[in-house]
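Residue numbers (the working numbering): 45 to 419. Taking it in order: structure first as structure tokens, then the write-up.
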Amino acid sequence: MSLQMEEFIKAKPRIDFLMSHLTLNAIPGSRKNCFVIYLLALLNGFFISFVLLHLMNVNFQINFNTLITFLTISVISGYGFRICVGFLKKDMIKTLLQNIKELFEVQEDDEELSEVLKKHLMGSMRIFAFCNRWGTNMYIFAGVMCGFYFRYNEDYGFMYELPFIVSDNMLWKEFLYILQGFFYITVATTMIFLDIGIVYLGLQVIAEFNILSDYMKLLNEKFKSEPKFLSKIIIRHFSVFQNVNLLSDIISETSFLQLVFSFISLLFGFTFIIEYATGLGNYIIVLCGGGLAVPICILGEFIRARADQLPDTFYQTNWYEISLKDQKTFLIILGMAQREYGLKAAGMYDINIYTFFRITQIAFSYCAVLYSLSK
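Take a look at the structure:
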């Protein structure tokens, strides 16, 4: 068994949990995964109910409490939308996971090709392990800090309300703040689990791009000793672009929602920063707003960059030394590689760093205009 396959088997329980969480399809998995996933869904359901109750019972006015309440509703609603879309697209996710598993199962007789597979697949798993560990810890830490900040800043206070229970007892009030912090940790955890699941799929697609690119670089050397090497490149080429299209279809609707929510959060955050530049909570809003779209935009940027490099890499081979029949095949592959491949939100908007910068720029411009008009 190859080292990359051993690493894949080692990480598989975590991958299964993330995919089950992404599709809300935990029943086929372990009892532990089933319990955790449905418990998180239940807690988020309770929390959004309590937040909506709070919103109905307070006098509406534009302040920090109302802003955070609306953002909380948006985030939890986004969670519900994403798991619903994941459930509807679970067959696509299953197909992509099977393709990724087959990639890890590939065993090359050639030592150099085997080293290429090992290098990129092991690298992708190391990055996934890093994102899984530190991403989860950072979001949990952010949830804890939000709980403390809301507790000790009177401008924020409670963003939810428990039904049928009214008490002015000091200990009960402290318990409500602790419970609010716990709910925000739950929301942060569920959101990062969704993102890490998508990041895992994206990392394997990027790894397959890198493998294909290195295969192309070895074409001059391998073609003479292995006449069917071009066939391997063709198979790998079709596989990588099939997986890119699958991933793009899987995240099409959810990525658009992430971009919209990120824009709204940045708009509100920048507006309050202009008005109250010393408020730490405003910067937290901006960071959280950016965090809704940054992971998927970075992923899209890497995938687009790898796809754009393929035609140049392929063309730089000594294609003129191969047979006329293989040259025709070469031209077909080159033409397909020159098509635009990448992730798209709602099938229309490119997902990359430029898109995120544009959203940030537009949000800041709008809030600057609104602030000017208010004066």
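Here a beta-carbon is modelled for each residue, glycine too, at the ideal position from N, C-alpha and C.
Close CB contacts of residue 286 within its chain, under the 8 angstroms cut and outside five residues either way in sequence, are with 143 (chain order). Taking 7 angstroms as the cut-off, the Cβ atoms of residue 309 and residue 389 do not count as close. Under the DSSP assignment, residue 137 falls in the alpha helix (DSSP H) whose first and last residues are 134–149. Between residue 145 and residue 400, the alpha-carbon positions lie close to 31 angstroms from each other. Sixteen is the threshold: when 16 or more other Cβ atoms of the shown chains lie within 10 Å of the Cβ of residue 266, as they do, the residue is buried. Linking residue 296 to residue 209 through their CA atoms gives a straight-line distance of about 42 angstroms. Residue 77 and residue 57 have their C-alpha atoms some 9 angstroms from each other.
The beta carbon of residue 168 is closer than 8 angstroms to those of 247, 248, 250 and 251 in its chain, skipping five residues each way along the sequence. Put simply, the backbone Cα of residue 231 is about 7 angstroms away from that of residue 120. Across the structure, residue 199 and residue 177 are spaced so that their CA atoms are roughly 33 angstroms apart. Contact check for residue 122 against residue 301 passes: the beta carbons are separated by less than 7 angstroms. Exposure of residue 371 is indicated by the presence of fewer than 16 other C-beta atoms within 10 angstroms of its C-beta. In the DSSP annotation of this structure, residue 74 is not part of any alpha helix (DSSP H), being labelled neither H nor E.
CA-CA distance, residue 340 to residue 212, rounds to 44 angstroms. Here residue 359 is exposed: its Cβ has fewer than 16 other Cβ atoms, across all protein chains shown, within 10 Å.
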